[in-house]
Amino acid sequence: MTSSSARISPSLEVSSGGAAVEYVIDIINLSKSFQRNSRGRTSYTTVKSSLLNIFRGGARASAPRHVTHAIQDLTMRIPKGSSIGLIGRNGSGKSTFLKLVTGIYKPTTGSITVSGRVAALIELGAGFHPDFTGRENLMLAGVMHGLSREEVLERFDEIVSFAELEDVIDDPVRTYSSGMFMRLGFSIAVHTDPDILLVDEVLAVGDAGFVAKCKDRIAELRKRGKTLLLVTHDLEAVERWCDEAIWLHQGEVKDRGYPRRVIDSYRHFVEKGEEESIVQSERASREENLQQPPTEQTQVEAARWGSREVEISSVEIGSSDTQDKRVYHPDESMRIAIDYQVHSPQQDLVFGVGIHRADGLNVFGTNTEIDRVTLPAIQGSGTIECIIERLGLLDGSYVLDVAAHRADGYPFDYHKSVVHFSVRSENRVVGVLSPKRSWVFNNHEVGRCA
Amino acid sequence: MRIVVSELWRARALVDALVRRHIATRYRGSFLGFLWSFLNPLCLMAVYTLVFSHYMRVGGGPNYHVMVFAGLLPWIWSTSALHEGTASLVSSGHLITKSMFPAHVLPCVSVLSSMIHFLLALPILVLFMLAASVPVTATWLLLPVIVVLHGIFLLGAVLGLSALNVFYRDVQHLLANVLTFLFFLCPVVYPRTNIPERARFWIELNPLALVTEFYQMVLVEGVLPPVGQLVYFGITAIATFALGVAIHQHNREQFAEAL
Numbered sequence: 164m165t166s167s168s169a170r171i172s173p174s175l176e177v178s179s180g181g182a183a184v185e186y187v188i189d190i191i192n193l194s195k196s197f198q199r200n201s202r203g204r205t206s207y208t209t210v211k212s213s214l215l216n217i218f219r220g221g222a223r224a225s226a227p228r229h230v231t232h233a234i235q236d237l238t239m240r241i242p243k244g245s246s247i248g249l250i251g252r253n254g255s256g257k258s259t260f261l262k263l264v265t266g267i268y269k270p271t272t273g274s275i276t277v278s279g280r281v282a283a284l285i286e287l288g289a290g291f292h293p294d295f296t297g298r299e300n301l302m303l304a305g306v307m308h309g310l311s312r313e314e315v316l317e318r319f320d321e322i323v324s325f326a327e328l329e330d331v332i333d334d335p336v337r338t339y340s341s342g343m344f345m346r347l348g349f350s351i352a353v354h355t356d357p358d359i360l361l362v363d364e365v366l367a368v369g370d371a372g373f374v375a376k377c378k379d380r381i382a383e384l385r386k387r388g389k390t391l392l393l394v395t396h397d398l399e400a401v402e403r404w405c406d407e408a409i410w411l412h413q414g415e416v417k418d419r420g421y422p423r424r425v426i427d428s429y430r431h432f433v434e435k436g437e438e439e440s441i442v443q444s445e446r447a448s449r450e451e452n453l454q455q456p457p458t459e460q461t462q463v464e465a466a467r468w469g470s471r472e473v474e475i476s477s478v479e480i481g482s483s484d485t486q487d488k489r490v491y492h493p494d495e496s497m498r499i500a501i502d503y504q505v506h507s508p509q510q511d512l513v514f515g516v517g518i519h520r521a522d523g524l525n526v527f528g529t530n531t532e533i534d535r536v537t538l539p540a541i542q543g544s545g546t547i548e549c550i551i552e553r554l555g556l557l558d559g560s561y562v563l564d565v566a567a568h569r570a571d572g573y574p575f576d577y578h579k580s581v582v583h584f585s586v587r588s589e590n591r592v593v594g595v596l597s598p599k600r601s602w603v604f605n606n607h608e609v610g611r612c613a
Numbered sequence: 008m009r010i011v012v013s014e015l016w017r018a019r020a021l022v023d024a025l026v027r028r029h030i031a032t033r034y035r036g037s038f039l040g041f042l043w044s045f046l047n048p049l050c051l052m053a054v055y056t057l058v059f060s061h062y063m064r065v066g067g068g069p070n071y072h073v074m075v076f077a078g079l080l081p082w083i084w085s086t087s088a089l090h091e092g093t094a095s096l097v098s099s100g101h102l103i104t105k106s107m108f109p110a111h112v113l114p115c116v117s118v119l120s121s122m123i124h125f126l127l128a129l130p131i132l133v134l135f136m137l138a139a140s141v142p143v144t145a146t147w148l149l150l151p152v153i154v155v156l157h158g159i160f161l162l163g164a165v166l167g168l169s170a171l172n173v174f175y176r177d178v179q180h181l182l183a184n185v186l187t188f189l190f191f192l193c194p195v196v197y198p199r200t201n202i203p204e205r206a207r208f209w210i211e212l213n214p215l216a217l218v219t220e221f222y223q224m225v226l227v228e229g230v231l232p233p234v235g236q237l238v239y240f241g242i243t244a245i246a247t248f249a250l251g252v253a254i255h256q257h258n259r260e261q262f263a264e265a266l
């Protein structure tokens with residue numbers, strides 16, 4: 164088994180305190196790159212194509228091949244008993260990293276030394292055969308994890324009861340629900356006495372009760388001095404579980420250290436990236452719109468219509484301290500600034516704003532008439548602002564509509580989906596709205612939530 | 008080579024479990040279940056006996072059907088091990104890409120499980136021999152030696168072919184055709200006396216033909232194979248094994264990425 168061939172004596176180092184620190188994973192200048200040919204598959208060729216290459220006189224080198232650098236020059240040591248959270252965007256090299264630790268992938272250059280038995284909770288139940296019973300699959304999976312037949316038999320009852328599958332263990336696993344399947348896989352993996360536990364997003368599935376049990380089991384393994392490597396997009400989990408966070412970005416360690424700090428800078432980075440991509444997609448759709456002449460039409464998509472006697476020349480959103488901001492926190496304020504130009508003076512001009520969630524749900528809409536705002540006589544050009552003191556929306560993507568029209572509804576300039584923005588929070592409140600609230604217990608306020 | 012052998016030995020519990028599963032999978036859900044292990048070669052034998060002995064009259068004497076059966080059993084072992092084994096890395100790719108799985112175990116499982124089917128069908132051969140009053144002779148004692156050499160040959164071939172098949176999927180298609188070709192080239196379904204004298208040397212260079220003949224000699228005819236041929240086959244088996252292991256070892260680090 165790979166686990167036993169990886170059982171190399173742990174590297175020892177004396178720390179400044181004088182105590183020996185044992186490293187279970189020792190990585191030196193590790194790089195991993197994948198060669199993909201033009202057909203998009205890794206080094207997969209047919210005899211035909213390689214024969215053709217020979218006839219073309221070694222055209223192999225000139226064939227278009229992309230080299231992807233999944234991991235670049237990584238050096239790190241992971242001490243025994245630590246729990247590390249790996250974070251990073253999709254494609255940052257996290258999964259490649261785990262596959263290198265398990266030995267599924269071999270390094271392109273550099274070295275990785277892993278000491279101890281590795282249990283990888285990557286693909287739970289990867290080797291299960293659907294026509295076989297839970298019992299048969301359990302036996303085989305146990306052996307595949309490097310246990311002997313006797314060891315599996317010894318732990319059999321414990322594994323089954325942990326997975327809560329006593330009643331169905333003799334049914335073929337094709338009759339199992341995906342939750343049951345996952346529970347069996349997880350239970351086998353954590354009962355193999357691993358020294359290093361690799362967890363890749365698997366806690367995202369399963370019902371709440373079982374997830375709690377998994378977490379208890381992982382906590383217990385940690386207490387027994389096992390090393391945990393957690394790959395997840397659940398930043399809260401990293402904060403709660405790990406004593407160190409490693410942020411991978413394009414195959415390199417962008418930051419490493421105390422989880423709270425690393426997560427904050429990661430989060431900041433993600434928001435900035437999101438802001439850029441929102442602005443970019445908006446620009447693209449706006450350019451598309453410009454090519455169409457303004458006509459009277461109703462469209463659900465980004466659209467603009469109206470007589471343009473009063474024209475909305477630009478719309479900008481920001482918070483109290485930042486202009487042109489696209490990612491908000493529920494507690495933040497939002498300032499919607501509408502620049503207008505009046506081409507022919509109007510008596511009863513009304514400005515309106517509306518917010519929709521990306522799926523079309525109407526979240527909020529108002530105008531100066533509904534809000535009983537008396538506008539002074541308007542002519543020429545200027546700016547009208549609507550300031551929302553506290554946005555109060557929950558996580559999601561939203562679009563903003565703005566409009567200038569007459570009180571009787573005659574449209575001057577309607578802009579649908581003119582600005583996209585999103586709200587991000589760590590809050591687990593569900594729904595659309597997070598109103599200001601407090602909890603009072605027997606007349607004593609016990610909690611206040613913004 | 009020693010690495011692979013010792014790794015296979017260490018993974019024997021896994022090999023054992025996978026072979027059991029493999030054998031159980033084949034007939035799971037079928038009404039006759041394990042009986043198909045016997046019925047498949049029986050049906051084949053019936054077809055070949057009818058066509059070659061009665062329609063085409065290739066000769067071969069009264070015990071032609073026993074000879075065909077004794078040849079078919081090892082031939083089926085060879086072909087099913089080569090077919091399944093060559094495709095094994097590709098068809099179980101998820102194990103290699105998703106878990107820490109020793110790849111060389113898979114071809115090994117194909118060879119061993121088809122060997123078990125072969126061994127289990129031998130009692131049927133004995134029944135046929137008794138029915139046709141062909142004596143079971145002491146030459147059967149040589150059977151283990153032939154089985155082991157045959158197994159080593161197949162294992163080596165399959166280790167190498169399965170590794171190549173990961174990169175060139177044409178291998179498995181090519182193999183199917185080569186095996187059909189070899190089947191009719193080898194004296195399995197007709198007596199070897201039908202082969203022209205000057206072609207026989209070349210036919211018998213083919214280890215698969217040779218080993219099939221060994222079984223027919225030892226099990227049915229009650230004669231010992233010529234020592235030269237045995238030695239030749241032994242050397243071929245070990246050389247094939249060494250080559251197969253070398254090809255496998257050379258490529259094993261790329262399997263997870265190529266699959």
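Chains as they are written, first to last, in the working numbering: chain A, 164 to 613; chain B, 8 to 266. By construction, the Cβ of each residue, glycine as well, lies at the ideal position given by its N, Cα and C atoms.
- Contact annotation: residue 521 of chain A and residue 559 of chain A have beta-carbon atoms nearer than 8 Å.
- Using beta-carbon distances, residue 36 of chain B counts as an interface residue toward chain A, with a partner under 8 Å.
- Close CB contacts of residue 195 of chain B within its chain, under the 6 Å cut and outside five residues either way in sequence, are with 78, 82 and 219 (chain order).
- Annotation: the continuous beta strand (DSSP E) that includes residue 272 of chain A extends over 272-277.
- For residue 286 of chain A, at least one C-beta of chain B is nearer than 8 Å to its own C-beta.
- Of all C-beta pairs linking the segment 104-124 of chain B to the segment 28-38 of chain B, three or more are shorter than 8 Å, placing the two stretches in contact.
- The C-beta distance from residue 611 of chain A to residue 601 of chain A rounds to 4 Å, short enough to fall under 8 Å.
- Residue-level contact check: residue 279 of chain A does not touch chain B, since none of the beta carbons of chain B fall below 8 Å from its beta carbon.
- Residue 292 of chain A belongs to the set of residues whose beta carbon lies under 8 Å from a beta carbon in chain B.
- Contact annotation: in the segment 309-326 of chain A, residues whose CB is within less than 7 Å of a CB in chain B are 311 and 312.
- Our two residues, residue 388 of chain A and residue 186 of chain A, have alpha carbons roughly 12 Å apart in a direct line.
- When secondary structure is reduced to three states using DSSP, residue 390 of chain A falls in the strand class.
- Note on residue 485 of chain A: under 16 other CB atoms within 10 angstroms of its CB, so exposed under the neighbour-count rule.
- Judged by DSSP in its simplified three-state form, residue 231 of chain A adopts strand.
- The straight-line gap separating the alpha-carbon atoms of residue 408 of chain A and residue 401 of chain A is approximately 7 Å.
- Out of B:229, B:45, B:14 and B:21, the CA that lies nearest to the CA of residue 307 of chain A is found in B:21.
- Taking a contact to require three or more Cβ pairs closer than 8 Å, the segment 472-490 of chain A and the segment 502-510 of chain A qualify as touching.
- In this structure residue 478 of chain A is in contact with residue 565 of chain A, their Cβ atoms being roughly 5 Å apart against a cut-off of 8 Å.
- Per DSSP, residue 410 of chain A is one residue of the beta strand (DSSP E) stretching across 407-412.
- For residue 228 of chain B, the closest Cβ of chain A is not nearer than 8 Å.
- Looking from the CA of residue 247 of chain B, the closest CA among B:163, B:80, B:128 and B:93 belongs to B:163.
- Per DSSP, residue 319 of chain A lies in no beta strand (DSSP E); the unbroken alpha helix (DSSP H) holding it starts and ends at 312-326.
- Assignment of residue 576 of chain A by DSSP, reduced to helix, strand and coil, places it in the strand class.
- Membership of residue 179 of chain B in any beta strand (DSSP E) is not indicated; the residue belongs instead to the alpha helix (DSSP H) covering 177-192.
- In this structure the segment 103-114 of chain B does not lie against the segment 205-215 of chain B, because fewer than three pairs of beta carbons, one per stretch, are closer than 8 Å.
- For residue 47 of chain B, the uninterrupted alpha helix (DSSP H) run begins and ends at 43-55, by DSSP.
- Three or more beta-carbon pairs separated by less than 8 Å are not found between the segment 338-345 of chain A and the segment 50-69 of chain B, which leaves the two stretches without contact.
- The Cβ-Cβ distance between residue 173 of chain B and residue 266 of chain B falls below 8 Å.
- The segment 249-264 of chain B makes no contact with the segment 214-230 of chain B; the number of CB pairs closer than 8 Å stays below 3.
- Pairing residue 497 of chain A with residue 439 of chain A, the inter-Cα distance amounts to about 18 Å.
- Taking 8 Å as the cut-off, the Cβ atoms of residue 264 of chain A and residue 297 of chain A do not count as close.
- A distance below 8 Å separates the beta carbons of residue 128 of chain B and residue 45 of chain B.
- Only exposed fits residue 253 of chain A, as fewer than 16 other CB atoms lie within 10 angstroms of its CB.
- Around residue 55 of chain B, the same chain offers 75 and 196 as residues with beta carbons nearer than 7 Å, after the five sequence neighbours per side are excluded.
- Listed along the chain, the chain B residues whose CB falls inside 7 Å of the CB of residue 269 of chain A are 260.
- The C-alpha of residue 305 of chain A is placed about 10 Å away from the C-alpha of residue 322 of chain A.
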